[in-house]
Amino acid sequence: MTDQPYLIAQTIVDATAALSPEKPLPGGDERWQDFTAGRGDRVTTLMTRLLQSHTDDFHRLVFSSHRGAGKTTELNQLAQALQNKYKTIYIEANVEMHPHDIEIEDLLLVMAQIIDQVMREEQLQLPQKLLFDIASWFGQTIKTTSVGTTYLGQLETHIQAKAGVPYFSKLMANLKALFKTESTHKTEVKEVLRKFPKTLAEAVNKLLDAANEKLKNKNQELLVIIDNLDRYPPQVIDTLISRNAERFKSLHCHFILTPPINLYYRPESENLEQNYRCFTMPTIKLRQAGQPYDHFAGPGHDLLLKALAKRINLEKLVPEPKTQDRLVFGSGGSIRNLLELAQDASLEADGDFIVLEDVNRALSRHRSRLRNRINALGLMQALVHISHTKQLDEGEPYRQALYYRLAFMYNGAGWYDIHPLISELDEFKQAHADHQTNPPTT
4 MTDQPYLIAQ
14 TIVDATAALS
24 PEKPLPGGDE
34 RWQDFTAGRG
44 DRVTTLMTRL
54 LQSHTDDFHR
64 LVFSSHRGAG
74 KTTELNQLAQ
84 ALQNKYKTIY
94 IEANVEMHPH
104 DIEIEDLLLV
114 MAQIIDQVMR
124 EEQLQLPQKL
134 LFDIASWFGQ
144 TIKTTSVGTT
154 YLGQLETHIQ
164 AKAGVPYFSK
174 LMANLKALFK
184 TESTHKTEVK
194 EVLRKFPKTL
204 AEAVNKLLDA
214 ANEKLKNKNQ
224 ELLVIIDNLD
234 RYPPQVIDTL
244 ISRNAERFKS
254 LHCHFILTPP
264 INLYYRPESE
274 NLEQNYRCFT
284 MPTIKLRQAG
294 QPYDHFAGPG
304 HDLLLKALAK
314 RINLEKLVPE
324 PKTQDRLVFG
334 SGGSIRNLLE
344 LAQDASLEAD
354 GDFIVLEDVN
364 RALSRHRSRL
374 RNRINALGLM
384 QALVHISHTK
394 QLDEGEPYRQ
404 ALYYRLAFMY
414 NGAGWYDIHP
424 LISELDEFKQ
434 AHADHQTNPP
444 TT
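In the working numbering, the protein residues as written are 4 to 445.
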């Protein structure tokens, strides 16, 4: 929950801060908007009900959506709804680990560190002997590397100089910091840990078991959410959660993973549904599949404006319906895109409110970014195909279109379409016309 009521922005200056697109809403925040009707899918409700149900095993879930669709905000709402049953451990992958490349060893190490940290914060300290034994195993293993003895000696000296710092906590934090760097030391330490995959997993499971045992006194269980996995290249996450699925499934906890949506629809190796219970959250639908891109149909349009009105005085700061429509159109149904466009338009505004010209200038910059990405990746023909068929074809261009948010998955019968701003590019219009005149042969 937020600590105090959120004040709706009444001025252009205040609107710029209120429209920040990079801050997911915490659970219970009054700015949260229920987009279920616009998405046409009760995915978060179904996930919540599943996690509330009893199981003799652990729930192992995958939750996929387009980046910017509001996935983290929905996970925060889910965690709050389940707070009586679960103590949620939230891991922001690209913050806690290397932002571009992660492996199973990184994740297990971070889990060990955060489990200990969260339990200490809850005044439910884990058994000291267990922490000592696990830290000793890490220490003995690291000592076999060329830098291990020196590294551990420096760490012990540092801890002795800081009274009250638990050795296990400091060791895990230092190893996590090492793994976030690019260095030969990191490579050497990780190569040694890879030689003991079973022992490493057992160490983490002992921590999970101890934490779950402590939480029994509060009638709670651990739920680990590993968010922002969709920020990584699909190949990296495929290796992490598909090729290492058995190691994930051996963990003694309930968890939710958030891989890139294109990995769910176009797997690199194994289908995710072979190992996990999968849920996908569609983009908010603004129109029917056969309608022009600048048309609106269904509740999505109004729901996005309601979400905007929970942050700014919409009638005062974006008074013209045509201006509001252009913002919604340019979002493509993505709440993050909507906030980003509205924020950019607020920066463009010379007066006391946002006018159509402000929005169009912001949209022009967004179109240019889309054009540059399409050209750099050579995706125009794939996007034309998606526009015509409303479906994905096989091949890397279609995976990239989803990953880079150039195409979205919508609800209903399950269809795809390009970001509506792409339809305004001259290059797309020409390619689209050429496709109609000379359709490709199959």
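From the three backbone atoms N, C-alpha and C, an ideal C-beta is built for every residue, glycine too.
Return the residue from the list the options that minimises the CA-CA distance to residue i.
i	options	result
E194	F258, I264, S149 and T440	S149
E397	R269, Q346, P324 and K325	R269
T202	K132, L111, E33 and K325	L111
L409	Q433, G417 and Q384	Q384
C256	R63, H298 and F282	R63
H69	K132, Y406 and A12	Y406
A2	E124, F332 and A310	Shown here, the chain extends from 4 to 445; a query on residue 2 therefore has no answer.
R374	F431, K325, L341 and N414	F431
P443	H388, P169, L395 and N414	H388
L366	H422, G354, Q394 and L386	H422
D125	N220, N340 and I15	With the sequence shown as reference, residue 125 is identified as Glu, and Asp is not the correct amino acid for it. E125 has its Cα closest to that of N220, out of N220, N340 and I15.
G417	Y170, D230 and A292	A292
Can you grab the Cα-Cα spacing for the pair residue i / residue j, in whole Å?
i	j	result
A312	E95	28 Å
I240	K198	21 Å
T440	T392	16 Å
R364	V358	10 Å
T1	L232	Beyond the ends of the chain as shown, which are 4 and 445, falls residue 1; an answer cannot be given.
M412	Y419	5 Å
L49	T187	45 Å
P400	H103	21 Å
A204	Y296	50 Å
A166	D119	Below a pLDDT of 50, predicted positions are generally treated as unreliable, and A166, at 44, falls in that range; no measurement from the model is reported.
L424	K183	37 Å
I377	A20	30 Å
E343	Q83	26 Å
S334	H369	10 Å
Q294	E106	44 Å
I145	H57	40 Å
M284	D136	42 Å
A310	L54	27 Å
Q86	T76	15 Å
D6	Q327	Residue confidence for D6 is low, a pLDDT of 48 falling below 50, so the modelled location carries little weight; the figure read from the coordinates is stated next. Whole-angstrom Cα-Cα distance: 31 Å.
A436	S426	12 Å
K26	F141	36 Å
N222	L395	45 Å
G30	N79	5 Å
M4	L10	Here the model assigns M4 a pLDDT of 41, short of 50, so the residue's position is not dependable, and the following value carries that caveat. Going by the C-alpha atoms only, they are around 15 Å apart.
Just confirm the distance between the C-beta atoms of residue i and residue j, as a whole number of angstroms; I'd bet it's less than 8 Å.
i	j	result
A115	V207	5 Å
R250	P200	7 Å
K189	L196	Not a contact, Cβ separation roughly 11 Å.
Q36	L306	6 Å
T47	L226	In fact, because the Cβ distance is near 14 Å, the residues do not count as touching under 8 Å.
P322	F356	6 Å
Return yes when the Cβ of residue j is within less than 7 Å of the Cβ of residue i, no when it is not.
i	j	result
A348	D361	yes
I287	R42	yes
A18	L320	yes
S272	R234	no
T402	N265	The question names Thr, but residue 402 in the sequence shown is Arg. In this structure, N265 lies closer than 7 Å to R402 by Cβ.
T224	Y89	It is Glu, not Thr, that sits at residue 224 in the sequence shown. Taking 7 Å as the Cβ cut-off, E224 and Y89 qualify as a contacting pair.
L275	V65	yes
V113	M100	yes
R314	L22	yes
G71	S390	no
L81	T39	no
K217	L127	yes
A214	L174	no
L382	A352	no
Q131	N316	no
Answer yes or no: the CB of residue i versus the heavy atoms of the ligand NAP, is any distance below 6 Å?
i	result
G142	The ligand NAP is absent from the structure shown, which contains no ligands of any kind.
* **Segments assigned alpha helix (DSSP H), at least 4 residues, entirely inside the segment 323-352** => 324-334 and 338-351
* Mind listing, in chain order, the continuous alpha helix (DSSP H) runs of no fewer than 4 residues lying wholly within the segment 46-123? => 46-55, 74-84 and 96-99
* To do: May I have a chain-ordered list of the alpha helix (DSSP H) segments no shorter than 4 residues that lie completely inside the segment 167-214?
  => 170-182 and 187-197
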